[in-house]
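**Student:** Below: one structure in structure tokens.
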Amino acid sequence: MPPAKLGKGKPEGMSGVANMMKRRQTRIRDGDDMTDIDGTDNDEWVNTKTLVKPDDQLDLSEQELKEEFTRILTANNPHAPQNIVRYSFKEKQYKQTSSVDQLAIHFALDGNMIHKDSDEAQRQQAKMGVPEAHSEHAVSEAGEAPSAGAEGEEAKEEQSPVQEADMDEAKDEQREDAVTPAPAQAAGGASRKLTNQFNYSERASQTYNNPYRERGTATEPPPRAVFSSNVTQWEIFDAYQEDFEKQEKNKEKKVIPGRKEEEKSRKRLTITETSGDDVSRISKASKIVERMVNQNTYDDIAQDFKYWEDPSDEYRDNEGTLLPLWRFSFEKAKKLAVTSLCWNPKYRDLFAVSFGSYDFMKQGNGMILFYSLKNPSFPEHIFETDSGVMCLDVHPEHPYMVAVGFYDGSVGVYNVQKKDGPVHRCTAKNGKHTDPVWQVRWQKDDLENNHNFYSISSDGRIAHWTILKNELTFQDVIKLALPDAPAEGPDGTKISTIGCGTAFDFHRKNDYLFVVGTEEGKIHTCSKAYSSQFLDSMDAHNMAVYKVRWNPYHPDIYVTCSADWTVKIWERGTKSASDKNESGDSSAKKPLFTFDLNNSVGDVAWAPFSSTVFAAVTADGKLFVYDLNVNKYEPLCEQMVAQKKKTKLTHLEFNPVYPMVIVGDDRGTVTSCKLSPNLRKQPKEKKGVAAPDPAAREQAEIAKLDKILLMVRDPPEGKN
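Per the numbering used here, the sequence shown starts with residue 7, numbered consecutively.
In structure tokens, the structure reads:
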């Protein structure tokens, strides 16, 4: 028998049976004597199978058989519904869904076979110890298979022709399947059977395959109902009552007998609280909303306050302008005059205003208002008084404390955090003044950390007030007695004349030193340590002095204003030879600068950003701004600020941070104005140089003012 040829795989279909029949026919033609074939067997293998025609088969002609029928296969599932409608919550209506699942899975099986040539199969073979060339060994072993023994040959001879044919067929199949890998030889020589005889290796898997679920879900829309009602205070009260009743029913079983009375009192308090018209709970929110509304209402003014600068200042060096900003007014204060202004030391947008009357025949109630630049339409705090308020001062370290002087001669202290009346107020028993109090001023706390302030009145007393725990104590610092001889009364008694104090101011560095202005036009330099005499006294004005202010930078310069239409700048401690009179008295002094404003000057103030800039207001409604460094004789700005004619301007105050000034008049209105760049000139900072510290800036301001004063000071004695 010729050697078997190796194939690449198994025979397909009936190819094995056909080859066996061919070999049998060749043996019959060659006359093989060893085989004896019966006729029945020959007919069984040689005769072809006849086709059996079914009874119900149609008889078609050749033309009908040649006719072609075209069929198109589509992926649409005929059993899938086409009219599915779902509810869209976004569009609030039912909409037909366009996407329908057309996939129909008849059979699915997750396999665990991998190809033998893949990297994972090679790694598994290497792990199991199977060599790569096992197929070659299998082929060689299949080709050199040992022959059978003698007993096997005898058994072969005794086999029938049919059994022999089966054996030949098995041998052929073994030869053709020899390409399959043979078992690998282990290290000990024992054969090892592979778990897979085909071209795929087994891959174990322990992972769990989750079943497929549809992503799309549909739910029924929630029920809806339209509800409308009016919310009133009574409905809210009824709702609270129902809630309280429910709570009582739930707590009846758990109530301790000893606590019944306490719970009843608590319920009464809660009922009274809910039934009242208390809006304090939403006061903060209402303030925020009110400020937002005002910000939109006065948006153009806020933009001017923040960004606007007068462009015309670039073309004029010695002139400036004032831009009117917000106007603050309150309905109840329109018939009163603004008697004092003071900025809050902590909140730079908040200032306090006192209202009273300067007319002796028209005295009545007073008022204290706190305004904020964030809400110009309505004051932040309101305090009404039974007497006209003539002056006030906010504590520099405790911005909620305000000292107040009244027209009836009393002084008081208000706490802004408490909405009720004054915390402290003096009476006739504890040092009340007999005349109106024109000015109050806070001082540093004493050695026992008690708050204290000073007051000046027309009765000639300067009183020192100390706030203890529950009382307000006083001590007279000095009495403003006139140096003239006592006047004689109608019955011949001598009456000592007393000066009427109108204004005073404390030194910026030396707390014990202060300057006093009187209604007689005199200026007294006083000390806290001396209560019987003045350090210095001079005739400064021909009429009453309305304001005295020290320069914020220079320690020896102060300014005064008076009803005699003048504003004068003075220097403390220097006397010139030209001021001496014939008797050698050097008490008479001459001011460094004198400015005539052609009307009664109600107030004067130094600018906080420069030692040479100050402003004054007059009774004809004008505001003057001077800068000694630019012009020593004329103002840089003279502008009408009063809204109506015959309106007198009473007081003004510079903002310590922003370039603006507030002005009050005798009609209860406060007007804020922004200074143009020419009115607030400051030394330019060099590029690349850090900003100077406050001490260096103060020295520069002092030097700038001293340079101007050298031109007006008289030379010392003995020098030409």
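Ideal placement from N, C-alpha and C gives every residue a C-beta, glycine not left out.
(1) When burial is assigned at 16 or more other CB atoms within 10 Å of the CB, is D44 buried or exposed?
(2) Tell me which same chain residues have a C-beta within less than 8 angstroms of the C-beta of P683, skipping the five on either side of it?
(3) My assumption, with CB atoms under 8 angstroms, is that F660 sits in contact with E644. Please give the rounded CB distance.
(4) Pull up the distance between the alpha-carbon of A245 and that of R287, whole angstroms please.
(5) Just list the residues that DSSP pairs F311 with in beta bridges.
(6) Compute the beta-carbon to beta-carbon distance between H457 and M407, rounded to the nearest angstrom, for a pair I have assumed lies under 8 angstroms.
(7) Consult DSSP for I728 and reduce its assignment to one of helix, strand or coil.
(8) Quick one: using the 10 Å Cβ neighbour count with 16 as the cut-off for buried, is G117 buried or exposed?
(9) Less than 8 angstroms between the C-beta atoms of P405 and V419, yes or no?
(10) With DSSP collapsed to three states, give me the class of K257.
(11) Please list the segments of the beta strand (DSSP E) lying wholly inside the stretch 438-524, counting only runs of 3 or more residues, in order along the chain.
(12) Could you give the distance in angstroms between the alpha-carbon of A635 and the alpha-carbon of G372?
(13) So who's on the other strand from K628, going by DSSP bridges?
(14) Count the other C-beta atoms from every protein chain shown that fall within 10 angstroms of the C-beta of E454, then say buried if there are 16 or more, exposed otherwise.
(15) Express the C-alpha separation of Y559 and L375 in angstroms, rounding to a whole number.
(16) Could you name each continuous beta strand (DSSP E) segment of 3 residues or more that falls completely within the stretch 78-114, going from the start of the chain to the end?
(17) Three-state secondary structure (DSSP) at V663?
(18) Please say whether A291 and D301 have beta carbons closer to each other than 8 angstroms?
(19) Among the residues of its own chain, which have a CB less than 7 angstroms from the CB of V359, if the five just before and after it don't count?
(20) Is R333 buried or exposed, if buried means 16 or more other CB atoms sit within 10 Å of its CB?
(21) Quick one: residues in its chain with C-beta nearer than 8 angstroms to the C-beta of G590, no 5 flanking neighbours on either side, listed in chain order?
(22) Thinking C-beta only, is F357 closer than 8 angstroms to W349?
(23) For H530, count neighbouring C-beta atoms within 10 Å of its own C-beta (all shown protein chains included) and say buried if the count is 16 or more, exposed if not.
(24) Quick check on DSSP: helix, strand or coil for D183?
(25) For a test of the three-state rule: what should DSSP assign to K713, helix, strand or coil?
(26) Enumerate in chain order the residues of its own chain whose CB-to-CB distance from G362 is below 7 angstroms, with the five nearest sequence positions on each side excluded.
(27) Which one of L398, R578, V417 has the shortest CA to CA distance from R719?
(28) What number of angstroms, rounded off, separates the C-alpha of S568 from the C-alpha of L328?
(29) Can you tell me where the beta strand (DSSP E) holding A409 begins and where it ends?
(30) Ordered along the chain, which non-local residues of its own chain (more than five positions away) have a Cβ less than 7 angstroms from that of K710?
(31) What residue range is occupied by the uninterrupted beta strand (DSSP E) comprising R333?
(32) Shortest alpha-carbon distance to S678 belongs to which of W240, L379, N421?
(33) Can you give me the Cβ contacts of D712 inside the same chain, cut-off strictly under 6 angstroms, excluding the 5 residues immediately before and after it?
(34) Roughly how many whole angstroms lie between the Cα atoms of D310 and L331?
(35) Go through its chain and collect everything with a Cβ distance to G466's Cβ below 8 angstroms, but skip five positions before and after it.
(36) Please classify D249: does DSSP put it in a helix, a strand, or coil?
**Tutor:** Straight from the coordinates:
(1) The count along the sequence shown starts at 1 and reaches residue 44 at position 38. With a pLDDT of only 48 at D44, under the threshold of 50, the placement of this residue in the model should not be trusted; the figure read from the coordinates follows. Exposed, since its Cβ has fewer than 16 Cβ neighbours within 10 Å.
(2) Taking the first residue of the sequence shown as 1, we reach residue 683 at position 677. Here the set comprises E315, D316, D319, G326.
(3) As a working note, residue 660 is residue 654 in the sequence shown. As a working note, residue 644 is residue 638 in the sequence shown. Going by Cβ atoms, the distance from F660 to E644 rounds to 18 angstroms, so no, they are not a contact pair.
(4) Against the sequence shown, residue 245 aligns to sequence position 239. Against the sequence shown, residue 287 aligns to sequence position 281. So the two alpha carbons sit approximately 19 angstroms from each other.
(5) Your numbering for residue 311 matches position 305 in the sequence shown. Partner(s): none; F311 has no beta bridge.
(6) In the sequence shown, the residue the question calls residue 457 occupies position 451. In the sequence shown, the residue the question calls residue 407 occupies position 401. At roughly 7 angstroms, the Cβ-Cβ gap stays under 8 angstroms, so H457 and M407 are in contact.
(7) The structure shown does not extend to residue 728, since the chain is modelled only from 7 to 726, so the question has no answer here.
(8) As a first step, residue 117 must be located in the sequence shown, where it is residue number 111. With fewer than 16 other Cβ atoms within 10 Å, it is exposed.
(9) Here residue 405 corresponds to residue number 399 of the sequence shown, with the count starting at 1. Here residue 419 corresponds to residue number 413 of the sequence shown, with the count starting at 1. No, the Cβ-Cβ distance between P405 and V419 is not below 8 angstroms.
(10) Start at 1 with the first residue of the sequence shown, and residue 257 comes out as number 251. K257 sits in a helix when the DSSP states are folded into three classes.
(11) 443-449, 458-463, 467-473, 478-485, 507-512, 519-524
(12) Working through the sequence shown from its first residue, we reach residue 635 at position 629. Working through the sequence shown from its first residue, we reach residue 372 at position 366. Per the sequence shown, the amino acid found at residue 635 is Asn instead of Ala. C-alpha separation (whole angstroms): 41 angstroms.
(13) For this step, residue 628 is matched to residue 622 along the sequence shown. BP columns for K628 point to M646.
(14) Taking the first residue of the sequence shown as position 1, residue 454 is located at position 448. By the 10 Å Cβ count, E454 comes out exposed.
(15) Here residue 375 refers to the residue found at position 369 when the sequence shown is read from its first residue. Here residue 559 refers to the residue found at position 553 when the sequence shown is read from its first residue. When rounded, the distance between both Cα atoms is 30 angstroms.
(16) 91-94, 99-102
(17) In the sequence shown, counting from the first residue as 1, residue 663 sits at position 657. Under the three-state reduction of DSSP, V663 is assigned to coil, being neither helix nor strand.
(18) The residue you call residue 301 lines up with position 295 of the sequence shown. The residue you call residue 291 lines up with position 285 of the sequence shown. Inspection of the sequence shows that residue 301 is occupied by Gln rather than by Asp. The answer is no: Cβ separation not under 8 angstroms.
(19) Taking the sequence shown and counting its residues from 1, one reaches residue 359 at position 353. Same-chain partners within the cutoff: V344, L347, L375, Y377, G670, V676.
(20) Taking the first residue of the sequence shown as 1, we reach residue 333 at position 327. Flag for R333 reads exposed.
(21) Counted from its first residue, the sequence shown places residue 590 at position 584. Because the pLDDT of G590 is 40, which lies under 50, any placement of that residue in the model is unreliable, and the number read from its coordinates should be weighed accordingly. None.
(22) As a first step, residue 349 must be located in the sequence shown, where it is residue number 343. As a first step, residue 357 must be located in the sequence shown, where it is residue number 351. For W349 and F357, yes; Cβs fall inside 8 angstroms.
(23) In the sequence shown, residue 530 corresponds to position 524, counting from 1. So H530 counts as buried.
(24) Stepping through the sequence shown from its first residue, residue 183 is reached at position 177. Legend: pLDDT at D183 = 47, less than 50; position of this residue unreliable, value from coordinates given subsequently. Three-state DSSP puts D183 in a helix.
(25) Reading the sequence shown from its first residue, position 707 is the one you call residue 713. Of the three classes helix, strand and coil, the one that applies to K713 here is helix, per DSSP.
(26) The residue labelled residue 362 in the question sits at position 356 within the sequence shown. Closer than 7 angstroms at Cβ, skipping near neighbours: L342, A343, T345, G372, G394, V395, M396, Y413.
(27) The residue you call residue 719 lines up with position 713 of the sequence shown. Nearest C-alpha to R719: R578.
(28) As a first step, residue 568 is located in the sequence shown; it is residue number 562 there, counting from the start. As a first step, residue 328 is located in the sequence shown; it is residue number 322 there, counting from the start. Those two C-alpha atoms are separated by around 24 angstroms.
(29) Sequence index remark: in the sequence shown, residue 409 carries index 403 (1-based). 407-412 is the span of the beta strand (DSSP E), which, as asked, contains A409.
(30) Here residue 710 corresponds to residue number 704 of the sequence shown, with the count starting at 1. Cβ neighbours of K710 beyond the five flanking positions: S617, T618, N635.
(31) Along the sequence shown, one-based indexing puts residue 333 at 327. Segment 328-335, the beta strand (DSSP E) holding R333.
(32) Locating residue 678 in the sequence shown gives position 672, where the first residue counts as 1. Closest by alpha carbon: L379.
(33) The sequence position of residue 712 within the sequence shown is 706, counting from 1. If the five residues before and after D712 are omitted, its C-beta is found closer than 6 angstroms to no C-beta atom of its own chain.
(34) Locating residue 310 in the sequence shown gives position 304, counting from the first residue. Locating residue 331 in the sequence shown gives position 325, counting from the first residue. Approximately 8 angstroms, taken between the alpha carbons.
(35) Translated into positions along the sequence shown, residue 466 becomes position 460. Once the five neighbours on either side are set aside, the close Cβ partners of G466 are K485, L486, A487, I504, G505, C506, G507.
(36) Mapped onto the sequence shown, residue 249 falls at position 243. Looking at D249 - three-state DSSP - the assignment turns out to be helix.
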